[in-house]
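Trainee: I'd like to ask some things about the structure below.
Have a look at this one:
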């Protein structure tokens, strides 16, 4: 795989796609996204009484002629969309083949590329470790910087924070609201609460959960001492049919709680495997669920 | 509850300690790094250990293993429970079927009460209890062998009937001991009134003997004697009544001669253990005298007696021998014979004049002497009174020929091996009816007063006693010596088997009208079916023969229940409901096995 992370064929698949957020967000600079703010786009918004100082170019002359009353036409403004690409860099993402982190990085690049293509402000963020945040990326030309960020060498096992703590920290930064695409395995007991906090800050949460066979279909046997990759906590188990069954039940419950949290804050959720082809993810998750159009 | 092997329980603590020690050993687990551990159940199953030590944690496996250990150790200790009941795990019920058990002091009868008790025990027995039933009649027999089939045992027992005969209790007890004497904890239960002769040669082995006395009272009158004799006043019939009970009692005695009433009198009140007699004149020519006693006693079968005064119906035989069991038994098989045995002829019987005590004298290897008896049978030693004169002794003679006389009817001398015989010459009176290579083999002689048979060899110097024809020859000889074949009437003791020289099959009709088919061996008919007193009709070879069966036994007529018995070197007390120890290690072992199975299932599930 090249340093661009995505294959040319995948770029072609991504060209022409745009993110399809449910909410409208105010931007910092003029962009291609309609906002709730009244502005100067060609998208008609409403009528209002004339006020002194208004631009006469937007006076509705037809109404004035008929009703002899000055009425102003207002238009929706077009601003850029803040697209947060939240890449989980916690230690648990180092499992699977390819690793969940590698798969998440590729997906981050793909979603970031879609945002850059759509004129959105792409703000990549790494979760679970302390790194200086890259500057806001705009325009297709910024993709190499995005790819460079994603492929930056990182020792995944040295992650400091878990997912929930990192999300809480991100939510508390006071960044402008936008679409927050979370690329993570969600393996944190407080993941659902953190998602609710993120959504509560006004972000539209798009959670793409990446789980490998290590989590979905664990092949364990015998008497084991399990060491948590993030906390280092040891748990002694006898990997018998009961334990496997119980683990699956708990995983399902955990994922369900995350899904409900995402839905409750008006977000979207998708589950992918690290080895799932990009075409498949685009077709069966992003397009089918309406993440992009 | 008691425990047979309490020492085994001492193993419980160390073995449990070993199991606990195994659970104190810690499992050395393999480390495995996983994305997150919060999804895994914090549940460990300590089913293997390979490191020291850890805190003991509660575990179902530990509990089941300790429980299985407890059950197995307690089962090995062989615990027992005390229960009331006649039967044990292995039990032989010996039911006395003697005449006394027909007593009705216990309703409906002692015998039925014994059956009821046994049936109750069979029905309440555990499925694993093995039970056998022996009927102690005149000939003891196993009714049901050791089995665990209560339905079949009960069905067989229902059909059991008492007899009016004396019982061979000793033989029945020996039979029971042979069945279970080698089994630990076996039990022989005797249900009887205890009135029987002393039992010798009985060893109970490992079995315990329990005696259940049946009967409450002893009121019983019996016809103890009946006979006819010639007196200067003419023929007289004498009848004796004995009170075998402890309370005074009387009744009505009726005497019959050839079926016609001779006399009927009320007896006085006879004191306990007292006797009373009656003598009446007998009609001339009467042959069969019967006595019937009607009394409010509890045993009826001894209230009847019969006496047959036909001279040929009762034979007193003297066997002069140094000892010959074959001859003794062959003579006893004849129902007419009352046998005495001696090594020499009593002086009172010597001579040829006058009437002697014996009808027939048999000389077995002892030279024949002149005797008063009207018949003489001599084997192998001719004397001065014999119809032959001894010449010499010859070894291994060969059979030559025999006349088809009645004496040799159904007797095959050709197959008899004779080791040694006397070579004799005939006297004028003698007639040789069988010849061997050494001369006359069987010689007969008869005159007005006496009949004689001379056989030229001793039975014990041949295999003649082992031949089927031997008892037939003896019966034929008795017929010849007494002047003819047996008449149509017999008087026998009830329950005693006897043999008649009948070659064909026969039918026996009892006092109750029931007919029993009898099968002959081809040469003789042995009758064992006379179990009740009364008049029987035997139909054979186109002729009818009347057989009178009577009891006349002091032992059988004494129906006082006996509380303590002397059996096999030990005194056995009557017991209503003795204690039995029932093992219950089997269910414990089974439960232990089940718990072990559950433990294994749990282990496999957790592994």
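Chains as they are written, first to last, in the working numbering: chain A, 18 to 310; chain E, 323 to 929.
Every residue gets a Cβ at the ideal spot worked out from N, C-alpha and C, and that includes glycine.
Everything numeric in this text was worked out from a predicted model, so none of it was measured.
1) Tell me where the alpha helix (DSSP H) around residue 609 of chain E begins and ends.
2) Would you kindly check if the distance between the Cβ of residue 98 of chain A and the Cβ of residue 198 of chain A is under 9 Å?
3) Please give the ranges of any alpha helix (DSSP H) in the stretch 117-181 of chain A, keeping only runs that are unbroken, at least 4 residues long and fully inside the region.
4) Note down, in chain order, every chain A residue with its Cβ under 9 Å from the Cβ of residue 353 of chain E.
5) For the candidate residues A:153, A:30 and A:40, whose alpha-carbon lies nearest to that of residue 222 of chain A?
6) Decide if residue 878 of chain E is buried, meaning its Cβ has at least 16 other Cβ atoms within 10 Å, or exposed.
7) Quick one: residues in its chain with C-beta nearer than 7 Å to the C-beta of residue 330 of chain E, no 5 flanking neighbours on either side, listed in chain order?
8) For residue 103 of chain A and residue 125 of chain A, I'd like the C-alpha separation in whole angstroms.
9) Using the Cβ count rule (16 or more neighbours within 10 Å means buried), how would you classify residue 150 of chain A?
10) Whole-angstrom Cβ separation of residue 804 of chain E and residue 637 of chain E, contact assumed at under 8 Å?
11) I need the straight-line Cα distance from residue 254 of chain A to residue 105 of chain A, nearest angstrom please.
12) Would you say residue 254 of chain A faces chain E, with C-beta separation under 9 Å as the test?
13) Are the Cβ atoms of residue 389 of chain E and residue 917 of chain E separated by less than 9 Å?
14) Ends of the beta strand (DSSP E) at residue 834 of chain E?
15) Can you check whether the CB of residue 458 of chain E is closer than 9 Å to the CB of residue 266 of chain E?
16) Can you tell which of E:548, E:630 and E:464 has the C-alpha that lies nearest to the C-alpha of residue 615 of chain E?
17) Below 8 Å, how does it come out for the stretch 773-793 of chain E and the stretch 608-624 of chain E: are there three or more Cβ pairs, yes or no?
18) Identify which residue in E:433, E:798 and E:869 has its Cα closest to the Cα of residue 829 of chain E.
19) Which residues does DSSP pair with residue 253 of chain A in a beta bridge?
20) Would you decide whether residue 359 of chain E is buried or exposed? Buried here means 16 or more other CB atoms lie within 10 Å of its CB.
21) Would you tell me roughly how many angstroms separate the C-alpha atoms of residue 30 of chain A and residue 227 of chain A, rounded to the nearest one?
22) Is the CB-CB distance between residue 872 of chain E and residue 627 of chain E below 9 Å?
23) Is there at least one Cβ from chain E nearer than 9 Å to residue 159 of chain A's Cβ?
24) Below 8 Å on C-beta distance, what does residue 231 of chain A contact in chain E?
25) Using a Cβ-Cβ cutoff of less than 6 Å, which residues in the same chain neighbour residue 179 of chain A once the five nearest sequence positions on both sides are dropped?
26) Hey, out of E:361, E:818 and E:822, whose CA is closest to residue 234 of chain A's CA?
27) Can you tell me whether residue 451 of chain E is buried or exposed, with buried defined as 16 or more other CB within 10 angstroms of its CB?
28) Hey, is residue 362 of chain E's beta-carbon within less than 9 Å of any beta-carbon in chain A?
29) Residues of chain E with CB closer than 7 Å to the CB of residue 206 of chain A, please, in chain order.
30) Please identify the residue among A:78, A:236, A:203 and A:26 whose C-alpha is closest to the C-alpha of residue 354 of chain E.
31) If contact is defined by three or more beta carbon pairs under 8 Å, each pair taking one atom from either stretch, is the stretch 671-678 of chain E in contact with the stretch 717-734 of chain E?
32) Apart from the five residues on each side of it in sequence, which residues of its chain come closer than 6 Å, Cβ to Cβ, to residue 812 of chain E?
33) Out of E:801, E:802, E:795 and E:851, which has the shortest C-alpha to C-alpha gap to residue 814 of chain E?
34) Specify the secondary structure class of residue 486 of chain E as computed by DSSP and reduced to three states.
35) Taking 8 Å as the threshold, find out whether the stretch 80-89 of chain A comes into contact with the stretch 120-140 of chain A through three or more Cβ pairs.
36) How many Å lie between residue 18 of chain A and residue 128 of chain A at the Cα?
Mentor: In terms of the structure at hand:
1) From DSSP, residue 609 of chain E is part of no alpha helix (DSSP H); its letter is neither H nor E.
2) no
3) 117-134 and 160-167
4) 241, 242, 243, 244 and 251
5) A:40
6) buried
7) 395, 398 and 399
8) 8 Å
9) exposed
10) 6 Å
11) 28 Å
12) yes
13) yes
14) Element bounds for residue 834 of chain E: n/a, residue is neither H nor E.
15) No answer is possible for residue 266 of chain E: it lies beyond the span of chain E, which begins at 323 and ends at 929.
16) E:548
17) no
18) E:869
19) A:242
20) buried
21) 21 Å
22) yes
23) no
24) 356 and 357
25) 107, 205 and 247
26) E:361
27) buried
28) yes
29) 360
30) A:236
31) no
32) 657 and 869
33) E:851
34) coil
35) no
36) Low per-residue confidence applies at residue 18 of chain A: pLDDT is 44, beneath 50, and the placement is therefore not dependable, though the value from the model is reported in the following sentence. Approximately 18 Å between the Cα atoms of the pair.
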